[in-house]
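S.K.: Pasting a structure below so you can have a look.
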Amino acid sequence: MSEFIQQLINGIAWGSIYALIALGYTMVYGVLRLINFAHGDVYMVGAFAGFFASRWLGIAQKPTFLGILLVFLISMLVCACLGVIIERGVYKPLRKAPRLTVLIAAIGVSLFLENAGQLIFGADPKFFPQIIPKKDLISSGGVILTNQQTMVVGISLLLMALLQLFIMRTKTGKAMRAVSFNREAASLMGIATDNIITITFVIGSALAGAAAILVALTNPKIEPLMGIMPGIKAFVAAVLGGIGNIPGAMLGGMIMGIAEVMVVGYLSSTYRDAIAFAILILILLFKPSGLLGAFTGEKV
Amino acid sequence: MKNKKIKRILGLILVLGFLLLVNYYLPSRINPYLFQIIILCGINIMLAVSLNLINGFTGQFSIGHAGFMAIGGYSSAAFTYYLGSGLIKSLSSVVMFGWLAKSIVFVFALFLGGSLAALAGLVVGIPSLRLKGDYLAIATLGFGEIIRVIILNIDAVGAARGFVDIPGYTNLFWVLFFMLLTIVTVRNLVYSTHGRAFLSVREDEVAAEAMGINTTYYKVNAFVIGAFFAGIAGGLFGHYLLYLHTNSFTFMKSIEVIIMVVLGGMGSITGSILAAIILTILPEFLRVVKDYRMVIYSFTLIVLMLTRPQGIFGVEKFSFKKIRNVFLRKV
Chain A
4 MSEFIQQLIN GIAWGSIYAL IALGYTMVYG VLRLINFAHG DVYMVGAFAG FFASRWLGIA
64 QKPTFLGILL VFLISMLVCA CLGVIIERGV YKPLRKAPRL TVLIAAIGVS LFLENAGQLI
124 FGADPKFFPQ IIPKKDLISS GGVILTNQQT MVVGISLLLM ALLQLFIMRT KTGKAMRAVS
184 FNREAASLMG IATDNIITIT FVIGSALAGA AAILVALTNP KIEPLMGIMP GIKAFVAAVL
244 GGIGNIPGAM LGGMIMGIAE VMVVGYLSST YRDAIAFAIL ILILLFKPSG LLGAFTGEKV
Chain B
4 MKNKKIKRIL GLILVLGFLL LVNYYLPSRI NPYLFQIIIL CGINIMLAVS LNLINGFTGQ
64 FSIGHAGFMA IGGYSSAAFT YYLGSGLIKS LSSVVMFGWL AKSIVFVFAL FLGGSLAALA
124 GLVVGIPSLR LKGDYLAIAT LGFGEIIRVI ILNIDAVGAA RGFVDIPGYT NLFWVLFFML
184 LTIVTVRNLV YSTHGRAFLS VREDEVAAEA MGINTTYYKV NAFVIGAFFA GIAGGLFGHY
244 LLYLHTNSFT FMKSIEVIIM VVLGGMGSIT GSILAAIILT ILPEFLRVVK DYRMVIYSFT
304 LIVLMLTRPQ GIFGVEKFSF KKIRNVFLRK V
């Protein structure tokens with residue numbers, strides 16, 4: 004039983020990460036109806052940005068709260084900029100193009116980032132300074148809750164709460180919801196859709212950057228291809244929760260994380276990646292609109 | 004119409020004879036490096052044309068093609084590895100020539116691989132009915148990965164070590180033969196009633212259904228046929244390299260085939276052939292900048308999508324009829 008709870012805790016920690024990345028996917032899909040394949044690689048760039056930032060700030064030698072905060076902010080900023088560049092450079096010119104073309108372009112951006120990353124950063128893994136020493140907070144009955152896990156879950160929940168507040172309570176948030184509902188009608192109502200779309204990318208990418216730093220702080224190894232699998236799994240999480248639906252992305256992320264940890268723990272670690280796809284296919288077969296999604300009928 | 008039939012059979016014999024001649028004389032005349040490129044070109048053409056049937060003509064976005072190739076490769080290799088030699092021996096006592104027995108077993112193995120891949124195509128195709136566009140893409144990607152992970156866990160075909168000691172039955176004749184078979188089949192399929200149905204599914208599925216076309220049937224059909232030829236390509240691949248590993252069948256491989264189809268023009272068989280050749284040869288030229296190869300590829304893909312998404316040939320085709328008409332007018 005205690006092992007189950009332990010796995011559950013691990014699963015929730017991972018789930019929060021997937022949730023953060025999934026939010027980026029789901030928001031972009033909501034406004035653009037586009038699956039941003041490059042999102043996982045933006046996450047990767049965030050990790051590297053944080054790596055270089057921490058080197059520049061000398062965090063490893065003098066870990067301070069301010070320093071860690073700066074690393075987070077720098078990573079989120081870099082990711083946000085990258086997101087804007089991708090959006091303006093590649094997705095915006097293709098707004099009217101058929102879906103296939105945009106999809107292939109997105110795959111192209113993803114491949115480009117991965118391979119350019121391998122060229123620029125070198126394909127060998129780097130080690131992110133482990134500035135937060137691992138400490139067991141609660142250790143009872145075989146269940147260990149570390150401070151790292153608490154931090155991951157805590158910061159993720161904080162960011163998600165902030166996002167939810169932003170979407171629901173601010174004018175820009177309302178504009179984002181309007182654009183994802185019907186872009187043309189929104190522009191008729193006087194909403195600057197291009198800017199809103201850019202803001203969506205900024206927020207989504209920044210969240211991915213935050214997720215990257217959270218992961219890097221707990222799993223030190225970072226390498227240019229690290230974004231592929233989390234990217235795909237986060238996408239599955241977004242679909243699971245209902246793509247375009249923000250609470251859905253959070254829920255989906257949690258379920259994905261828990262499911263993956265359970266499969267690895269109880270079945271076999273070789274099926275770790277396959278479980279994500281299995282979940283995807285199951286959900287697409289039985290409830291394609293996702294757990295929290297709404298079914299929009301097919302218009303002729 | 005006996006004349007036509009005789010002409011057809013004669014034509015077939017001529018082509019086969021030509022292929023046999025090429026297979027006999029060519030390998031010794033050219034250096035092995037060039038030979039390898041030709042073989043790989045042939046295999047890539049098969050992959051590109053079969054994928055074009057699914058993606059280009061039927062408009063179903065499938066990025067799991069490497070999975071079909073893997074199934075075809077592994078199953079045919081397993082067949083020849085475990086059952087092959089025994090079968091050849093028993094066949095040799097029935098059939099006169101040893102090479103005939105070998106060929107029969109090889110072709111059977113390839114068809115087995117293709118059929119199993121086609122079965123996988125069926126499994127992948129059926130969920131595709133409920134999925135559109137991006138979702139279908141991810142689902143096929145998922146299937147490709149699941150297939151790969153399953154094969155990775157089967158010990159009898161080498162699991163993580165890879166499948167070694169595959170008998171080397173692939174030669175130029177078989178590669179060219181199956182390549183031509185793929186091209187001719189897909190081409191004939193597309194310029195037939197079936198082909199119209201495929202195209203209608205691509206253009207406007209709702210309208211096609213309204214016209215009474217069973218879109219379900221045709222979508223699954225495209226997957227099954229495309230997968231079949233991908234499976235044969237996989238079989239040829241395995242029996243050429245004499246070694247198989249699941250690392251050759253990741254979604255990167257699927258994406259490479261997609262790039263071929265997109266570059267050549269979705270819906271253009273000629274385009275796929277050309278693009279497959281270009282994209283097989285290009286890495287050799289780019290060997291100088293080997294590290295930059297994938298960066299150049301992906302960048303080219305983005306630029307291609309931004310500037311000319313219909314690829315080199317768009318939806319045009321190379322037509323024998325046009326050429327024949329030119330000759331006939333001259334006569």
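Order-wise, the sequence lines are chains A and B.
Residues in the first sequence are numbered from 4 upward in steps of one, following the working numbering.
Residues in the second sequence are numbered from 4 upward in steps of one, following the working numbering.
Note that CB positions come from ideal geometry on N, CA and C, so glycine has one too.
Would you mind working out which of ILE8(A), MET4(A), SER5(A), ILE20(A) sits nearest THR221(A), comparing C-alpha positions?
M.R.: Here residue 221(A) refers to the residue found at position 218 when the first sequence is read from its first residue. Measuring from the Cα of THR221(A), the nearest candidate turns out to be ILE20(A).
S.K.: Cβ closer than 7 Å: which chain B residues qualify as neighbours of PRO96(A)?
M.R.: Stepping through the first sequence from its first residue, residue 96(A) is reached at position 93. Ordered by position in chain B, the residues that pass the 7 Å Cβ test against PRO96(A) are LEU309.
S.K.: Express the C-alpha separation of ILE38(A) and TYR32(A) in angstroms, rounding to a whole number.
M.R.: One-based indexing of the first sequence puts residue 32(A) at position 29. One-based indexing of the first sequence puts residue 38(A) at position 35. Near 6 Å, if we compare the C-alpha coordinates of ILE38(A) and TYR32(A).
S.K.: Any C-beta of chain A sitting closer than 7 Å to the C-beta of ASN156(B)?
M.R.: Taking the second sequence and counting its residues from 1, the one referred to as residue 156(B) is at position 153. It does; some Cβ of chain A falls within 7 Å.
S.K.: With DSSP as the reference, label LEU37(B) as helix, strand or coil.
M.R.: Position 34 of the second sequence, counted from the first residue, corresponds to residue 37(B). Three-state DSSP puts LEU37(B) in a helix.
S.K.: For PHE55(A), go through chain B and note every residue whose CB falls closer than 8 Å to its CB, in chain order.
M.R.: Residue numbering aside, residue 55(A) sits at position 52 when the first sequence is read from its first letter. Those do not exist, as PHE55(A) stays about 20 Å from chain B at its closest Cβ, beyond 8 Å.
S.K.: Determine the direct distance from the alpha carbon of VAL105(A) to that of ILE154(B), and round the result to whole angstroms.
M.R.: As a first step, residue 154(B) must be located in the second sequence, where it is residue number 151. As a first step, residue 105(A) must be located in the first sequence, where it is residue number 102. One Cα belongs to ILE154(B), the other to VAL105(A), and the distance between them is close to 32 Å.
S.K.: May I ask which residues mark the beginning and end of the alpha helix (DSSP H) holding THR203(A)?
M.R.: Residue 203(A) sits at position 200 when you count from the first residue of the first sequence. Start and end: 196-221.
S.K.: To the nearest angstrom, report how far apart PHE232(B) and GLY70(A) are at their CA atoms.
M.R.: As a first step, residue 232(B) must be located in the second sequence, where it is residue number 229. As a first step, residue 70(A) must be located in the first sequence, where it is residue number 67. Looking at the two C-alpha atoms, the distance is approximately 57 Å.
S.K.: Can you tell me where the beta strand (DSSP E) with THR149(A) in it begins and where it stops?
M.R.: Locating residue 149(A) in the first sequence gives position 146, counting from the first residue. From DSSP, the beta strand (DSSP E) with THR149(A) extends over 146-149.
S.K.: PHE64(B) CB to nearest chain A CB: under 7 Å?
M.R.: If you number the second sequence from 1, residue 64(B) lands on position 61. Yes - at least one Cβ of chain A is within 7 Å of the one on PHE64(B).
S.K.: So with Cβ pairs under 7 Å, would you call ILE24(A) a contact of chain B?
M.R.: Looking up residue 24(A) in the first sequence gives position 21. So, not an interface residue.
S.K.: Chain A partners of PRO30(B), CB-CB under 8 Å?
M.R.: By one-based count along the second sequence, residue 30(B) stands at place 27. By Cβ distance, chain A contributes nothing, its closest Cβ being about 35 Å from PRO30(B), past 8 Å.
S.K.: Measuring straight from C-alpha to C-alpha, what distance separates GLY147(B) and THR249(B)?
M.R.: Taking the second sequence and counting its residues from 1, the one referred to as residue 147(B) is at position 144. Taking the second sequence and counting its residues from 1, the one referred to as residue 249(B) is at position 246. Near 11 Å, if we compare the C-alpha coordinates of THR249(B) and GLY147(B).
S.K.: Examine the Cβ distances between the stretch 32-49 of chain B and the stretch 204-223 of chain B and report whether three or more of them are shorter than 8 Å.
M.R.: By the Cβ criterion, the stretch 32-49 of chain B is not in contact with the stretch 204-223 of chain B, since fewer than three pairs of Cβ atoms, one from each stretch, lie closer than 8 Å.
S.K.: Alpha carbon to alpha carbon, how far is THR149(A) from GLN9(A)? Give it in angstroms, no decimals.
M.R.: Position 6 of the first sequence holds residue 9(A). Position 146 of the first sequence holds residue 149(A). C-alpha separation (whole angstroms): 11 Å.
S.K.: Is it right to say THR326(A) is buried, meaning 16 or more other beta carbons lie within 10 angstroms of its own, or is it exposed?
M.R.: Past the edges of chain A, shown from 4 to 303, lies residue 326(A), and the structure says nothing about it.
S.K.: Within a Cβ cutoff of 6 Å, which residues of the same chain sit near ILE199(A), ignoring the five residues on either side of it in sequence?
M.R.: Here residue 199(A) refers to the residue found at position 196 when the first sequence is read from its first residue. Hits under 6 Å: ALA178, MET179, VAL182.
S.K.: In this structure, how does DSSP classify VAL334(B) when only helix, strand and coil are distinguished?
M.R.: For the purposes of this step, residue 334(B) is identified with residue 331 of the second sequence, where counting begins at 1. Low per-residue confidence applies at VAL334(B): pLDDT is 48, beneath 50, and the placement is therefore not dependable, though the value from the model is reported in the following sentence. In this structure, DSSP gives VAL334(B) a state outside helix and strand, which the three-state scheme calls coil.
S.K.: Quick one: residues in its chain with C-beta nearer than 7 Å to the C-beta of LEU288(A), no 5 flanking neighbours on either side, listed in chain order?
M.R.: The sequence position of residue 288(A) within the first sequence is 285, counting from 1. Contacts found: none.
S.K.: Measure the alpha-carbon distance for ALA22(A) versus MET259(A) and round it to whole angstroms.
M.R.: By 1-based counting over the first sequence, the position of residue 22(A) is 19. By 1-based counting over the first sequence, the position of residue 259(A) is 256. Cα-Cα distance, rounded: 9 Å.
S.K.: Going along chain B, which residues have a C-beta under 8 Å from THR149(A)?
M.R.: For this step, residue 149(A) is matched to residue 146 along the first sequence. Going along chain B, no residue has its Cβ under 8 Å from THR149(A), so there is no contact; the nearest lies around 30 Å.
S.K.: Quick one: what's got a C-beta closer than 6 Å to LYS302(A)'s C-beta in the same chain, skipping five residues either side?
M.R.: Counting from one through the first sequence, the residue named residue 302(A) turns up at place 299. Summary for LYS302(A): the model assigns pLDDT 42, below 50, so the residue's position carries little reliability, and this model does not support an answer.
S.K.: According to DSSP, is LEU94(B) part of a helix, a strand, or is it coil?
M.R.: In the second sequence, counting from the first residue as 1, residue 94(B) sits at position 91. Of the three classes helix, strand and coil, the one that applies to LEU94(B) here is helix, per DSSP.
S.K.: To the nearest angstrom, report how far apart ILE284(A) and PHE68(A) are at their CA atoms.
M.R.: Residue numbering aside, residue 284(A) sits at position 281 when the first sequence is read from its first letter. Residue numbering aside, residue 68(A) sits at position 65 when the first sequence is read from its first letter. C-alpha separation (whole angstroms): 43 Å.
S.K.: Using the Cα positions of PRO101(A) and PHE40(A), report the straight-line distance between them to the nearest angstrom.
M.R.: Residue mapping note: residue 101(A) aligns to position 98 of the first sequence, counting from 1. Residue mapping note: residue 40(A) aligns to position 37 of the first sequence, counting from 1. One C-alpha to the other measures close to 16 Å.
S.K.: Kindly indicate the opening and closing residues of the beta strand (DSSP E) around ASP276(A).
M.R.: Numbered from its first residue, the first sequence carries residue 276(A) at position 273. That residue, ASP276(A), is in no beta strand (DSSP E); its alpha helix (DSSP H) goes 275-289.
S.K.: LEU254(A) to ILE12(A), Cα distance in whole Å?
M.R.: As a first step, residue 254(A) must be located in the first sequence, where it is residue number 251. As a first step, residue 12(A) must be located in the first sequence, where it is residue number 9. For LEU254(A) and ILE12(A), the distance between alpha carbons rounds to 15 Å.
S.K.: Return the bridge partner residues of LYS224(A) from the DSSP annotation.
M.R.: Sequence index remark: in the first sequence, residue 224(A) carries index 221 (1-based). In DSSP, LYS224(A) forms a bridge with PHE130(A).
S.K.: Please work out which residues of its chain come closer than 6 Å, Cβ to Cβ, to SER275(B), disregarding the five sequence neighbours upstream and downstream, and give them in chain order.
M.R.: Taking the second sequence and counting its residues from 1, one reaches residue 275(B) at position 272. Excluding residues within five positions, the ones whose Cβ falls inside 6 Å are ALA51, VAL52, ASN55, VAL264, GLY267.
S.K.: Assign GLY89(B) to buried or exposed, taking buried as 16 or more other Cβ atoms, counted over all protein chains shown, within 10 Å of its Cβ.
M.R.: As a first step, residue 89(B) is located in the second sequence; it is residue number 86 there, counting from the start. Classification for GLY89(B): exposed.
S.K.: If I measure Cβ to Cβ from VAL48(A) and keep anything under 6 Å in the same chain, skipping five residues before and after, which residues do I get?
M.R.: Against the first sequence, residue 48(A) aligns to sequence position 45. So the list reads LEU85, once near-sequence residues are dropped.
S.K.: Please classify PHE316(B): does DSSP put it in a helix, a strand, or coil?
M.R.: The count along the second sequence starts at 1 and reaches residue 316(B) at position 313. Of the three classes helix, strand and coil, the one that applies to PHE316(B) here is coil, per DSSP.
S.K.: Is it buried or exposed for TRP177(B), if we count other Cβ within 10 angstroms and need 16 for buried?
M.R.: Position 174 of the second sequence, counted from the first residue, corresponds to residue 177(B). Buried: at least 16 other Cβ atoms inside 10 Å.
S.K.: Are the beta-carbon atoms of MET49(B) and ALA236(B) separated by less than 7 Å?
M.R.: Residue numbering aside, residue 49(B) sits at position 46 when the second sequence is read from its first letter. Residue numbering aside, residue 236(B) sits at position 233 when the second sequence is read from its first letter. The answer is yes: Cβ separation under 7 Å.
S.K.: Answer yes or no: does any C-beta atom of chain A fall closer than 7 Å to that of ILE281(B)?
M.R.: Position 278 of the second sequence, counted from the start, is the residue given in the question as residue 281(B). By this cut-off, ILE281(B) is not an interface position.
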